[in-house]
Amino acid sequence: MSQYTIKPELVAPGALSDNERLKADGDHLRGTIASDLKDDITGGFNGDNFMLIRFHGMYQQDDRDIRAERTAQKLEPLHNVMLRARMPGGIITPQQWLAIDKFAADSTLYGSIRLTTRQTFQFHGVLKPNIKPMHQFLHSIGIDSIATAGDVNRNVLCTSNPVESELHQQAYQWAAKISEHLLPKTRAYAEIWLDEEKIETTEVEPILGDTYLPRKFKTAVVIPPHNDIDVHANDLSFVAVAENGQLVGFNVLVGAGLAMTWGDTATYPRMADDLGFIPLEHTLTVAEHVVTVQRDYGNRSNRKNAKTKYTIDRIGLDAFRAEVEARTGVAFAPVRPYQFTSRGDRIGWVEGIDGKQHLTLFIENGRILDFPGKPLKTGLAKIAAIHQGDLRMTANQNLIIAGVPAAQKADIEALARAHGLIDDSHSEQRKNSMACVSFPTCPLAMAEAERYLPELVTKTEALLSKHAIADEHIVLRVTGCPNGCGRAMLAEVGLVGRGPGKYNLYLGGNREGTRIPRLLLDNVGEADILATLDGLIGRWATERNADEGFGDFVIRAGVVKPVVVPKDDFHS
Amino acid sequence: MLLSSLVAQASPLSEQQVQQLQGLVSQLNPIQQAWVSGYLAASAQLAGQVAGQVAPAAAQANAGLTILFGSQTGNARHVAEVLAKQAQGKGIVAKVVDMAEYKTSQLKNEQYLVIVTSTYGEGEPPENAIGLYNFLFSKKAPKLNGLKYAVLGLGDTSYEFFCKTAQDFDQRLAELGATPVQARADLDVDYQAQADSWSGEVIAKLEPELKAATAPSAQVIAWPGSDATAGAASQYTKQNPFAAELYTNQKITGRDSTKDVRHIEISLAGSGLSYQPGDALGVYFSNDVALVRELLLLTAIARDTPVQLAGETLTIEQALTDTLELTQSYPAFVEKYAAATGNTALAELAADKAALRAYLSERQIIDIVREHPGLLSAQQLADALRKQQPRLYSIASSQAEVEDEVHLTVGVVRYDAYGQPHLGGASGFLAERLAEGDKVKVFVEQNNNFRLPQNDDTPVIMIGPGTGIAPFRAFLQERDARGASGKNWLFFGNPHFTQDFLYQLELQNYLKRGVLTKLNVAFSRDQAQKVYVQDKLRAHGSELWQWLEDGAHLYICGDANRMAKDVQQALIDIVQQYGGKTAEQAQTYLDELRVAKRYQKDVY
Numbered sequence: 001m002s003q004y005t006i007k008p009e010l011v012a013p014g015a016l017s018d019n020e021r022l023k024a025d026g027d028h029l030r031g032t033i034a035s036d037l038k039d040d041i042t043g044g045f046n047g048d049n050f051m052l053i054r055f056h057g058m059y060q061q062d063d064r065d066i067r068a069e070r071t072a073q074k075l076e077p078l079h080n081v082m083l084r085a086r087m088p089g090g091i092i093t094p095q096q097w098l099a100i101d102k103f104a105a106d107s108t109l110y111g112s113i114r115l116t117t118r119q120t121f122q123f124h125g126v127l128k129p130n131i132k133p134m135h136q137f138l139h140s141i142g143i144d145s146i147a148t149a150g151d152v153n154r155n156v157l158c159t160s161n162p163v164e165s166e167l168h169q170q171a172y173q174w175a176a177k178i179s180e181h182l183l184p185k186t187r188a189y190a191e192i193w194l195d196e197e198k199i200e201t202t203e204v205e206p207i208l209g210d211t212y213l214p215r216k217f218k219t220a221v222v223i224p225p226h227n228d229i230d231v232h233a234n235d236l237s238f239v240a241v242a243e244n245g246q247l248v249g250f251n252v253l254v255g256a257g258l259a260m261t262w263g264d265t266a267t268y269p270r271m272a273d274d275l276g277f278i279p280l281e282h283t284l285t286v287a288e289h290v291v292t293v294q295r296d297y298g299n300r301s302n303r304k305n306a307k308t309k310y311t312i313d314r315i316g317l318d319a320f321r322a323e324v325e326a327r328t329g330v331a332f333a334p335v336r337p338y339q340f341t342s343r344g345d346r347i348g349w350v351e352g353i354d355g356k357q358h359l360t361l362f363i364e365n366g367r368i369l370d371f372p373g374k375p376l377k378t379g380l381a382k383i384a385a386i387h388q389g390d391l392r393m394t395a396n397q398n399l400i401i402a403g404v405p406a407a408q409k410a411d412i413e414a415l416a417r418a419h420g421l422i423d424d425s426h427s428e429q430r431k432n433s434m435a436c437v438s439f440p441t442c443p444l445a446m447a448e449a450e451r452y453l454p455e456l457v458t459k460t461e462a463l464l465s466k467h468a469i470a471d472e473h474i475v476l477r478v479t480g481c482p483n484g485c486g487r488a489m490l491a492e493v494g495l496v497g498r499g500p501g502k503y504n505l506y507l508g509g510n511r512e513g514t515r516i517p518r519l520l521l522d523n524v525g526e527a528d529i530l531a532t533l534d535g536l537i538g539r540w541a542t543e544r545n546a547d548e549g550f551g552d553f554v555i556r557a558g559v560v561k562p563v564v565v566p567k568d569d570f571h572s
Numbered sequence: 001m002l003l004s005s006l007v008a009q010a011s012p013l014s015e016q017q018v019q020q021l022q023g024l025v026s027q028l029n030p031i032q033q034a035w036v037s038g039y040l041a042a043s044a045q046l047a048g049q050v051a052g053q054v055a056p057a058a059a060q061a062n063a064g065l066t067i068l069f070g071s072q073t074g075n076a077r078h079v080a081e082v083l084a085k086q087a088q089g090k091g092i093v094a095k096v097v098d099m100a101e102y103k104t105s106q107l108k109n110e111q112y113l114v115i116v117t118s119t120y121g122e123g124e125p126p127e128n129a130i131g132l133y134n135f136l137f138s139k140k141a142p143k144l145n146g147l148k149y150a151v152l153g154l155g156d157t158s159y160e161f162f163c164k165t166a167q168d169f170d171q172r173l174a175e176l177g178a179t180p181v182q183a184r185a186d187l188d189v190d191y192q193a194q195a196d197s198w199s200g201e202v203i204a205k206l207e208p209e210l211k212a213a214t215a216p217s218a219q220v221i222a223w224p225g226s227d228a229t230a231g232a233a234s235q236y237t238k239q240n241p242f243a244a245e246l247y248t249n250q251k252i253t254g255r256d257s258t259k260d261v262r263h264i265e266i267s268l269a270g271s272g273l274s275y276q277p278g279d280a281l282g283v284y285f286s287n288d289v290a291l292v293r294e295l296l297l298l299t300a301i302a303r304d305t306p307v308q309l310a311g312e313t314l315t316i317e318q319a320l321t322d323t324l325e326l327t328q329s330y331p332a333f334v335e336k337y338a339a340a341t342g343n344t345a346l347a348e349l350a351a352d353k354a355a356l357r358a359y360l361s362e363r364q365i366i367d368i369v370r371e372h373p374g375l376l377s378a379q380q381l382a383d384a385l386r387k388q389q390p391r392l393y394s395i396a397s398s399q400a401e402v403e404d405e406v407h408l409t410v411g412v413v414r415y416d417a418y419g420q421p422h423l424g425g426a427s428g429f430l431a432e433r434l435a436e437g438d439k440v441k442v443f444v445e446q447n448n449n450f451r452l453p454q455n456d457d458t459p460v461i462m463i464g465p466g467t468g469i470a471p472f473r474a475f476l477q478e479r480d481a482r483g484a485s486g487k488n489w490l491f492f493g494n495p496h497f498t499q500d501f502l503y504q505l506e507l508q509n510y511l512k513r514g515v516l517t518k519l520n521v522a523f524s525r526d527q528a529q530k531v532y533v534q535d536k537l538r539a540h541g542s543e544l545w546q547w548l549e550d551g552a553h554l555y556i557c558g559d560a561n562r563m564a565k566d567v568q569q570a571l572i573d574i575v576q577q578y579g580g581k582t583a584e585q586a587q588t589y590l591d592e593l594r595v596a597k598r599y600q601k602d603v604y
């Protein structure tokens, strides 16, 4: 498979998993998807196609709220797909926005646009007859969903930094280039969805390989000191290094990831390691070969141990770095000093160094829909209709109206206020809380997340008020399963779903996102969680040092011990 | 002779056969024994006819009474059978024949003929009468100068073409030279008493001649026919329904469906009732008590006022709840109600038949009374209403799979009109008012004109959109249980894929297991252009023609007014196009299929 000599001692032993078979049999991601589209007896996909459509940016889902009801009705689950667009750096034009706004209303079951922690948007509830038209529609406005899911490099993140517009523009361009460079080369997407002709050539995947990657792979470009994209949730991060406001190179980080599997202590969240500094010109080759090293040495036998973080823990960081250096011919220089100081988005107006105005809107849960009394979706469409700059989806599920001329600021603000997009009653706590999608659409969900978060935040606000620190906030994240979409494993207070109404409570991450929290309560309900938080918030209010965040406090106070080397101490 | 004293030496049976017979008979109750005796006598006679040994009468004048029925729901068949029994009771040789089974070449040999027929749709003959009807109106129809006949029509006065088929038969037989012995009667839904008296009169008129013409020893035993259901063994009938337990009432359309369709499971345990795929279940029901009370309130009648119904005394509330028809309105009610309440506006409306039909199309009895509340006596109200008729539902199960259960697929009639919600009588009862575990009165209505092919290798094409899928679920269960090797092709349609794909999980399973060879679906409202089953038939016309040429049996179940006609036209087009025929030849091809019992319909 590889053009490089494989060192057998670095390969994980064991028989290949079934996912490896289906990738090998899939004819470069084609499978029999095209014929499944014509099967009008089921709304779902059959056999391997169920997995293969993920590589095209879709997950088969169903409305889990009514799954049992439909079985009793002798109807299959309400199969549909969720589509995740590929939007490197999360930038979308107002014209594109208006188009996806209409598609969501006309052609999806839920009618919403969902901003996600991967800095893109998702359509939820697309029925089979609408799938192909959806891809053709997206193509017509310059958007695709190639490789936003599956065992490939997914949507590439980039810090949303409208203030330092020049540096952001440079970083964003690298995010887009990395995304393009690491895309699958198969024409399957064009053939299946866009009806492009099949060309008789022998296809190869020079970077991803013919069986693609062992597991999903996430890449980010980050501009310190802002860590909005959470470097410690990514397999590969490029940390921007600037001189005089100009991008000169990147510190390269590898091996982070937050997913784990309940009951399997060989799985754990892990923070990134530094590979070293590279100048800009080596960016693509380094990205390519971090991927090829993971491609060749990632565990293809056990998918639960297949991500880059486990490869590094198995073969060692030095061996991993040596392989990348050998393949690229680039030697990593020592890491240039960098520091992260914040993660949240700066909600409200800021002025960029170019004099343009930028409005960051807090979107609770990233869910854009017309809610009773809060017609967010209509409001954004009205803004998009007059907006002359662009829109930027953030990794915190918020939306920036970027590049507003000063003359238009008042109009846009008026629209935002009229439609509930600016709401001065939102607390700091609410703005620093986040949840994944979870029920009813996510097939992996074990407990509520998005639908539970608003209520949990309200109760947390009450605790802060009770202890007279209503203006304070705790980075609070809820995720419906241990797979990590809501990034709870980098929160000060993280809830990870175990079962209906039951969560594991993790404490002790920090505000900058550079520490993994530790388990405090196992498989508990809301009452236990709130009682625990009540006591600890009370102590924090009175015992904290100046500017000491809740996560730092619970570590200092010895409530939980910090996680230092997750492989060894996360489960201890 | 007692069976126990039967020995081989004294009978044509072997020792082993005697033992087997004794073994079987020891398990039968007296009713079952009586049935078996009749059955054996009849089948022996039939075997003789087939072999040409006994029945020399085939080419000779038939001096007995032939009673033909044209029946869609079984009512005409019941009347015909009762008439035959009455005749036989008088010592008359009488036989009852399904029109679909009747050899038209026999017609010229008949001397005494009674026709009992319903009408369906827009004045068309019922499915099993089409062959005879077309023959009589064709050039081939013989002169019938020697024939004495009587025609009884069963119908529903709320339809425009009330008893049209009976009228046509009557008129045509007269044209062909036959002599009516009794004036035709056209009876409404509440026909029983009048049918009995009409039958009595016919027999009284024919008795002297018929008795003289036939020898009493030739009396025919009534027999259930070669493919009759064993349901005849049960003591439970339309007149004496079985109080069966409701097991399951499950909605099988999605929560966003515009339709409410229920899958109903009923226990027949202990009833002795049995059925075959293709049969229907008759269901009696109770009216909504709230509706009854509102009606009494509007007419200022006390709930416990006694009324007389067919010689029985009961309270008006009981009568309205369990005996009288409240959901299906009909012209006679308007006339009687207008007269009793002195309502001249209603009386004027009732005089204009077309306007009255339009008025009644969406109105239940309660709507008429709400619009025209008036005072009348409890007895007047009871007399204005007709007796409740049981509703027939095509059975959706095979006993080969569900044993002593019977399943139905019930579309709940539910609509808003005139500012009020409306619910169908039987469907509302089954879906809303009957709790699981409660009793519902049922009987089996056999339908010998909707039967799977005897040969399990024969391919089957089933067209059943909407609740028309019901008998095909029964067919698939039966073919599956039998391990039938014949191919099965189902066409189904409904408004929306996600909401209205009835029995989707079961059908997917049949498809996966190969019991269903092909399944084509048409969801009319899932795209801008509406798509129906007939469009799917056309899209697969070539293959469908091939199946027919390979001997496939073709079945249609569901809506008679539009679907069945559109499907019929699609079939004609397909036969024409792929069979290289003219439209007329294509029609003939389908007629021949029907005569060969390869094209059967259960439409309503």
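In order, the protein sequence lines correspond to chains A and B.
Following full-length UniProt numbering, the numbering of the first sequence begins with 1 at its first residue and continues without gaps.
Following full-length UniProt numbering, the numbering of the second sequence begins with 1 at its first residue and continues without gaps.
Ideal Cβ placement from N, Cα and C applies to all residues, glycine included.
Query                                                                                                                                     : Result
Histidine 426 of chain A, buried or exposed, once every other Cβ within 10 Å from all chains shown has been counted against 16            : exposed
Pairwise C-alpha distance: leucine 593 of chain B and aspartate 573 of chain B                                                            : 15 Å
Exposure label - serine 145 of chain A; buried when at least 16 CB within 10 Å                                                            : buried
Helix, strand or coil at residue 620 of chain B according to DSSP, with G and I counted as helix                                          : With chain B represented from 1 up to 604, any question about residue 620 of chain B goes unanswered, as that position is not in the structure.
Enclosing alpha helix (DSSP H) for isoleucine 461 of chain B [first to last residue]                                                      : No alpha helix (DSSP H) contains isoleucine 461 of chain B, which is instead part of the beta strand (DSSP E) from 460-463.
7 Å Cβ cutoff, glycine 468 of chain B in contact with chain A                                                                             : no
Per DSSP, cross-strand counterpart(s) of tyrosine 149 of chain B                                                                          : B/Leu113, B/Pro180
Euclidean distance between Cα positions of glycine 541 of chain B and lysine 601 of chain B                                               : 19 Å
Chain A contact residues for glycine 254 of chain B, given Cβ-Cβ distances below 7 Å                                                      : Arg70, Gln73, Leu75
Whole-number beta carbon distance between asparagine 504 of chain A and leucine 476 of chain A, since they are thought to touch under 8 Å : Contact flag wrong, Cβ pair sits at about 14 Å.
Close-in-space but distant-in-sequence residues of the same chain around alanine 129 of chain B (CB under 7 Å, 5 per side omitted)        : Gly70, Met99, Thr117, Thr165
N-terminal and C-terminal residue of the beta strand (DSSP E) that lysine 441 of chain B is part of                                       : 439-445
Cα-Cα separation, glutamine 111 of chain B to tyrosine 510 of chain B                                                                     : 52 Å
CB of alanine 541 of chain A within 7 Å of CB of isoleucine 469 of chain A, strictly                                                      : yes
C-beta neighbour in chain A for threonine 313 of chain B, strict 7 Å                                                                      : no
Integer Cβ distance of histidine 124 of chain A from alanine 287 of chain A, believed to fall under 8 Å                                   : Actually they do not touch by this definition, with Cβ atoms about 31 Å apart.
Proximal residues of chain A, C-beta to C-beta of glutamine 250 of chain B below 9 Å                                                      : Ala72, Gln73, Lys74
Cβ pair histidine 79 of chain A, glycine 43 of chain A closer than 7 Å                                                                    : yes
Interface partners of valine 521 of chain B on chain A, CB under 7 Å                                                                      : Asp40, Ile41
Helix, strand or coil at proline 306 of chain B according to DSSP, with G and I counted as helix                                          : strand
Contact set between leucine 415 of chain A and chain B, taken where Cβ atoms lie within less than 9 Å                                     : Under the 9 Å cutoff, chain B gives no residues; its nearest Cβ is about 33 Å from leucine 415 of chain A.
Span separating the alpha-carbon of glutamate 196 of chain A from that of isoleucine 100 of chain A                                       : 23 Å
Phenylalanine 491 of chain B beta carbon less than 7 Å from that of lysine 536 of chain B                                                 : yes
Inter-residue Cα distance where the pair is glutamate 201 of chain B and phenylalanine 443 of chain B                                     : 29 Å
C-beta neighbour in chain B for methionine 1 of chain A, strict 7 Å                                                                       : Bear in mind that the predicted position of methionine 1 of chain A carries a pLDDT of just 46, short of 50, making it unreliable; the figure below should be weighed with that in mind. Not closer than 7 Å to any Cβ of chain B, the Cβ of methionine 1 of chain A fails to qualify, so no.
Under 7 Å between C-beta atoms of valine 460 of chain B and asparagine 494 of chain B                                                     : no
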